[in-house]
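Engineer:
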Amino acid sequence: MKKLSISLVLIMSVLAFGESVLMQNGAKVWRDRAYTLSGLPESFQFKNAVPDQACSGYTIVFPAGCRKALIAIFDSEAGAQVAAKHNGIQLPDPVYIDQPPRKQIMRYRMYIIPQPPEKISCVPSKAGGMLLALDDDVPDAPAVDASHPQVPATLQGVQSFTGQEYRFRPGARVVEYYVRVPSQGINANTGLMLLSHNWGGTWKLTAPWCDLLSDRFNLICLSVNYLQSGENKHNEVPYDHGLLQAMDCLRALYEVQKNLDAAKIPFNRRRIYAAGASGGGNVSLMVNKLAPATFGCVIDLCGMPGLTNDIAFGVGALNAGYSKDPASPKYLTPAMQEIREPGNPAHLIIQKKANPGNQVVIVHGLDDNSCNPADKMLIASNMVRAGFRPATHFLTKADVDGAIVTTTGHAIGNRPEVIAKFGGAYIGEKGPFVKLIPGKSDLDAGSEVVYPVTGGRYVITFKGVPTIRFEKD
């Protein structure tokens, strides 16, 4: 009878936890899902296996008697709140779940949980949690560096704000953005950088860029889920193509500066940059246009040009869904097209006056079949005529190194490393050509920027939350 009881306990343990698993890169994170772990720091050397967990139910189950645990929860505001409820101490490094050969499908944050309860529900995060290590395998909590201010929760992970109304979709918009501070902390020379994803992408695509570039260049990096992120079809609602999308990015920048100031954290207000690829390249050029006194350097990788006729009306591979019919609610007015043109000669003169030393870096493959390099050459040409000196890199096979630049097509290669390769001289703290804005940014100066267009003018105001409006003649 005693043997039967012991056997029953063992069976119940297996049912509750499954087999134990040693968590390391490549390990299966849940017994009921085909996902594997990646991104775990090499310094984390776990010696003991932990009870296997299930993803279903979104619950982390702890064995009785454990003193502390290392867990990972989906990187979101809700996930951070779950950890905070259990006195979680966040570690600086993110980890990821993969589904080979697809990498970094979802991003998680690691937390040390002292005296964990029997269970932690991760339901608010809308994702399963991971148990990584227990007791002696749990790394020490990061030491508090007295030389760096404590970073408030508003400057970590996924945050949100209210976006400006899109006339094709009336009503309030909630815009999510991811913010990453340097792992070494914020100091007086820490700058800001927007990193923008492609047409149809989301903030999750450029969040890993933030992690890489934030630490390498001492920057607080932002990845914004700007208007129509995640959308590819525009049969019903036209694609904004860079206007309110850029305004969303500027509002995220405004939010971060406001939160830094509220926490009394000094940073370098003259080190402000932007970069993006494809649709994000266009958004980067547009934030540079709409806030002309704000950016020291903008890096455009294989970016879409302005809202050309081909893109607006779907003549080529891209279709923004606009109409040529003045009677249509989707009619594209000349004014709407002019404000979305980063190479508009009259507007470039206004930009030049606001920020004479503004540096634009263009990296574009000559075999790009998605975004015609000839369109980008015209934009660069207009910039030169306006007095700017863009650094242009139109890639040929001689530029392909197989590691950073892997193709002369639209993909280019390892895009965050491409940003570092071609833009590092301008955004690095000690870069040979480091670019700082000459005075106050539009955000700090409370500027109003005016761009004349056919039939009126667009006014971008920075007197409070950044907003754009059209005024008729």
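Residue numbers (our numbering): 50 to 522. In this text, a Cβ means the ideal position worked out from N, Cα and C, and glycines have one as well.
In chain order, what residues of the same chain have a beta carbon less than 7 Å from the beta carbon of Ser56, not counting five sequence neighbours either side?
Structural biologist: Its pLDDT being 41, under 50, Ser56 is placed unreliably in this model, and the value from its coordinates should be taken loosely. Same-chain partners within the cutoff: there are none.
Engineer: With DSSP as the reference, please indicate the residues paired to Gln408 in a beta bridge.
Structural biologist: Partner(s): Cys346.
Engineer: Kindly identify the DSSP beta-bridge partner or partners of Leu86.
Structural biologist: Leu86 pairs with Ile146.
Engineer: Alpha carbon to alpha carbon, how far is Ala113 from Ser245? Give it in angstroms, no decimals.
Structural biologist: For Ser245 and Ala113, the distance between alpha carbons rounds to 45 Å.
Engineer: Closest to Ala158 by C-alpha separation, out of Gly279, Phe362, Pro165 and Gln205, would be which residue?
Structural biologist: Rather than Ala, the amino acid found at residue 158 in this sequence is Arg. It is Gln205.
Engineer: By the three-class DSSP mapping on this structure, what secondary structure does Arg518 have?
Structural biologist: Here Arg518 sits in strand by DSSP.
Engineer: Any idea which residues DSSP pairs Thr510 with across the strands?
Structural biologist: Looking at the DSSP assignment, Thr510 forms a beta bridge with Glu497 and Thr516.
Engineer: With distances taken from CA atoms, which of Leu381, Leu397 and Ser87 is nearest Gln153?
Structural biologist: Nearest C-alpha to Gln153: Ser87.
Engineer: Could you check what DSSP says for Cys351 in three-state terms: helix, strand or coil?
Structural biologist: Three-state DSSP puts Cys351 in coil, outside helix and strand.
Engineer: Hey, quick one: how far does the beta strand (DSSP E) through Thr255 stretch, first residue to last?
Structural biologist: Careful: Thr255 lies outside any beta strand (DSSP E), inside the alpha helix (DSSP H) at Trp252 to Phe266.
Engineer: Can you tell me the Cβ-Cβ gap for Ile169 and His135, rounded? I've got them flagged as a contact below 8 Å.
Structural biologist: The pair is a contact, with the Cβ atoms about 6 Å apart (cut-off 8 Å).
Engineer: Kindly give me the distance between the Cβ atoms of Val508 and Val502, rounded to whole angstroms, as I take these residues to be in contact under 8 Å.
Structural biologist: Going by Cβ atoms, the distance from Val508 to Val502 rounds to 11 Å, so no, they are not a contact pair.
Engineer: Would you identify the three-state DSSP class for Ala129, choosing helix, strand or coil?
Structural biologist: Looking at Ala129 - three-state DSSP - the assignment turns out to be helix.
Engineer: For Met335, which three-state DSSP category applies?
Structural biologist: Met335 falls in the helix class under three-state DSSP.
Engineer: May I ask you to report which of helix, strand or coil DSSP gives Lys313?
Structural biologist: Coil.
Engineer: How is the alpha helix (DSSP H) around Gly472 delimited, first residue to last?
Structural biologist: Taken as a continuous stretch (DSSP letters only), the alpha helix (DSSP H) holding Gly472 covers Arg464 to Ile476.
Engineer: Could you pull the DSSP bridge partners for Thr108 from this structure?
Structural biologist: Paired residues: Ser170.
Engineer: For the ligand NAD, is there any heavy atom lying closer than 7 Å to the beta carbon of Ala133?
Structural biologist: You won't find the ligand NAD in this model; it holds no ligand whatsoever.
Engineer: Going by DSSP in three states, Gly220 sits in which element: helix, strand or coil?
Structural biologist: Three-state DSSP puts Gly220 in coil, outside helix and strand.
Engineer: Only counting runs of 4 or more residues, tell me where the alpha helix (DSSP H) segments fall wholly within the stretch 398 to 454, in order along the chain.
Structural biologist: DSSP runs (the alpha helix (DSSP H)) wholly in the stretch 398 to 454: 422 to 434.
Engineer: Which one or two residues does DSSP pair with Met242 in a beta bridge?
Structural biologist: Per DSSP, Cys270 and Tyr322.
Engineer: Taking Cys351 as the reference, give the member of Ile411, Tyr371, Met72 and Asn317 with the closest Cα.
Structural biologist: Of Ile411, Tyr371, Met72 and Asn317, the residue nearest in Cα terms is Ile411.
Engineer: If the criterion is Cβ atoms closer than 8 Å, does the pair Phe443 and Pro422 meet it?
Structural biologist: Yes, the pair counts as a contact, with Cβ atoms nearer than the cut-off.
Engineer: Taking the CB atoms as reference points, tell me whether Ala202 and Phe316 lie closer together than 8 Å.
Structural biologist: Against a cut-off of 8 Å, the Cβ pair of Phe316 and Ala202 comes out as no contact.
Engineer: Using CA atoms only, rank isn't needed, just tell me which of Ala361, Tyr226 and Arg320 is closest to Pro487.
Structural biologist: When each option's Cα is compared against that of Pro487, the closest is Arg320.
Engineer: My guess is that Gly458 and Asp416 are in contact by the Cβ rule of under 8 Å, so how many angstroms apart are they, rounded?
Structural biologist: Correct: roughly 5 Å between the Cβ atoms.
Engineer: Say whether the stretch 249 to 256 touches the stretch 269 to 278, bearing in mind that this needs 3 or more beta-carbon pairs closer than 8 Å, one atom from each stretch.
Structural biologist: With a cut-off of 8 Å, the stretch 269 to 278 and the stretch 249 to 256 count as touching, because enough Cβ pairs lie within range.
Engineer: With distances taken from CA atoms, which of Asn281, Cys104, Asn247 and Met242 is nearest Leu262?
Structural biologist: Nearest option by C-alpha distance: Met242.
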